[in-house]
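Read the structure below first, then the notes.
Numbering (my numbering), first residue to last: 71 to 957.
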């Protein structure tokens, strides 16, 4: 039926779709243009507001400097001209603290007119007036007019070059001074280059105010020398002026003097011509400035403008929604028409089929009658021989069918129940009541306890299946799975209900047995883990005494024979530790509890350490051990401990089974596999049959190999499983009496740059003569070993025999560091650690543990500041002591 509903379009509908798309494009374009205009308007308004702020700030600063010039002007007018000296101006300048009050101004000074005839006399008087008796007139260009000379300018330290300058020797300065005198106004020069700031070309100004004799204002330039006493003035730089205006540093400005069309301040920026800007023209003390503010990227970001293409996106979304709505409407109308046509075709087909059926009905009735008889016989046979209890009732719940399997299950005869009882007779009343409450909540209607409880859900589902407890005639409780369905005639009128009950006795018994087996398996796994933890502690504790003692003996000065015996004991002990670790690791791997770490390590350092450690196994053998690192990158990411364990297992095996010849170890980089480590020896080799079971646990080539070379047979299986945990591969090639080649490919990741966290091992004992170390250890031998190991530090060693003793001595001696054994009598180390940390959270406490299981180690990391595994290794102890001192 669904195949009839196919979406199709007429030409007009296609054209209408195209119209929607074209309209959408036009609408989107209009929306985008409108959006861009709004953004443009918002930018222009922001530029205008900001420009007004900056312009007002500049005018305010210039007005402030004009007050300073006027202040000096008033000072001069208030004194007799003959008393205006260098000392007078200097004293007044210091009293006024001009630099602090008028930030942005280079200083304030006095310019005096001097005729050519008066020049020599003026120079001599000015020279005598100065404390240093050094005054000379300087000109920018030669001229034969009255000199306008800067006699005083303070502070002199930044304006020294301006003292004695004839400002009338430069046109802009001269014109400004004369205009100010003629107009009796404070006047600003055109942009000039100050002699005291020659690097700021045309970035400077002079702000001048005329000082008259008897307030007599000249009417022409010729009268100036007779009426003018001088000009008070301030030299200014535009950059320093802008620096005093609040928050102008981030603005991009361009300022020009439109009076003479001279640009004098231009911010440096790329693509300046493409930026939006706002310009404003302002009159400033006789000049007209044009100030432009440009819209930089940072300026636009601070406006929080809407997205650039918001209008286009809005129009596009509107177009898509409109087009989709049209398609959905067209699809709905088309499907409605197709459905109507389908129903018409279906009615015709039914009519034709009905005509054919009527013609065949007469002959079929007889056949159906015979079939019905056979079917009734078959149904009776099924009911009598069914393995399930089959019980049928009428609509009121009275039993109508009760087959032999039901009789066998419940102990009732069919004639005892049929037409007399409902199924409630063999149900528990409390279960029926509980089920009625449950159904009432589920169906949100009131279900009364009784027959309705069994059949009410058949209104909503075809088959309702639940677990019930049947009560047999003898009173026995039987768990059954009851499936109930409604029986109806051809007109869907309900005739009754059919229930089929399956005895769950054997199923529940089987489930119970499985549950018991699972509990036992989990208990066995817990017992195994506890055994491993206990064995780890019990084996490592005495080993700590043995291994620690041997490490101390190695440091003593013995003769060659004794040193050889101690060296043999040292390597034998390390071999024993390796065997214990292999057994524990294999158990963890099989239990799925071994987790890999990820850290950055240096491959060359790993190869050098392996060469140094494994060379000790060559004693008594004529073997050449060589290492070749062909990997270019130095730093890699992986579990360095497990990679080291894999390589030690493979290389030590190669040395063990090689009497003479060579063992070579190489590392190369493969772009698909990662790093490939290859261990090649010229040993006894392995036959092909043995190769197939080489990685099975506790497996060696044969029993003679075990007797001759020894070993647990766990090294290669552990290596194989570790390689697989790292998602790598291990391949073996071997030939009897010619040697073996093992290639291990590990998908490691290179780390660019020197980011290795591998730290060179601290091999020297630190000087801890001013430190106190508290050691909590219940084993006397271990107390002796660790105290001897720590003796070279010169620290004050304090011993505690258990957790309670450790807490007491912590209070007494206030140790700098605590080394805490975990398993101790009275109070264990973890509890003692928690109690000490509760009082002194910063107290460094290091765990001493003989437990090698990772979950325990993770627990120690959570509460302790570090941990050392037993048996203790001197190098690791030294490294930990150095780390504690650094931190």
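Built from N, CA and C at the ideal position, the CB exists for glycine as well.
The model shown is predicted, which means the values in this text are computed figures rather than measured ones.
As assigned by DSSP and simplified to three states, the class of residue i
| i | result |
| --- | --- |
| residue 738 | strand |
| residue 915 | strand |
| residue 199 | helix |
| residue 124 | helix |
| residue 945 | helix |
| residue 818 | coil |
| residue 790 | helix |
| residue 865 | coil |
| residue 895 | coil |
| residue 288 | coil |
| residue 581 | helix |
| residue 169 | helix |
| residue 83 | helix |
| residue 424 | helix |
| residue 89 | helix |
| residue 890 | strand |
| residue 302 | strand |
| residue 278 | strand |
| residue 842 | strand |
| residue 145 | helix |
| residue 98 | helix |
| residue 244 | helix |
Span separating the alpha-carbon of residue i from that of residue j
| i | j | result |
| --- | --- | --- |
| residue 720 | residue 840 | 46 Å |
| residue 716 | residue 671 | 16 Å |
| residue 308 | residue 281 | 26 Å |
| residue 734 | residue 707 | 24 Å |
| residue 632 | residue 625 | 12 Å |
| residue 498 | residue 505 | 11 Å |
| residue 150 | residue 156 | 14 Å |
| residue 168 | residue 178 | 8 Å |
| residue 867 | residue 619 | 18 Å |
| residue 375 | residue 239 | 53 Å |
| residue 616 | residue 947 | 16 Å |
| residue 113 | residue 104 | 14 Å |
| residue 714 | residue 676 | 8 Å |
| residue 486 | residue 508 | 32 Å |
| residue 790 | residue 800 | 7 Å |
| residue 520 | residue 580 | 32 Å |
| residue 131 | residue 386 | 52 Å |
| residue 219 | residue 244 | 11 Å |
| residue 126 | residue 324 | 16 Å |
Buried or exposed by the 16-neighbour rule on C-beta atoms within 10 Å, applied to residue i
| i | result |
| --- | --- |
| residue 137 | exposed |
| residue 712 | buried |
| residue 545 | exposed |
| residue 183 | buried |
| residue 785 | buried |
| residue 420 | exposed |
| residue 810 | buried |
| residue 89 | exposed |
| residue 153 | exposed |
| residue 353 | exposed |
| residue 956 | exposed |
| residue 742 | exposed |
| residue 880 | buried |
| residue 853 | buried |
| residue 674 | exposed |
| residue 690 | exposed |
Nearest-angstrom beta carbon gap, residue j and residue i [assumed within contact, 8 Å]
| i | j | result |
| --- | --- | --- |
| residue 277 | residue 304 | 5 Å |
| residue 942 | residue 856 | 6 Å |
| residue 366 | residue 360 | About 19 Å separates the two Cβ atoms, so there is no contact after all. |
| residue 974 | residue 554 | The requested residue 974 is not part of the displayed model; the chain covers only 71 to 957. |
| residue 180 | residue 208 | About 16 Å; that fails the 8 Å criterion. |
| residue 793 | residue 737 | The pair is not a contact, with the Cβ atoms about 15 Å apart (cut-off 8 Å). |
| residue 567 | residue 560 | The pair is not a contact, with the Cβ atoms about 18 Å apart (cut-off 8 Å). |
| residue 256 | residue 289 | With a Cβ gap of about 20 Å, residue 256 and residue 289 do not count as contacting. |
| residue 835 | residue 862 | 4 Å |
| residue 908 | residue 892 | Residue 908 to residue 892, Cβ: 18 Å. No contact. |
Is there contact here, the region 220-229 with the region 241-252, by at least three beta-carbon pairs under 8 Å?
no
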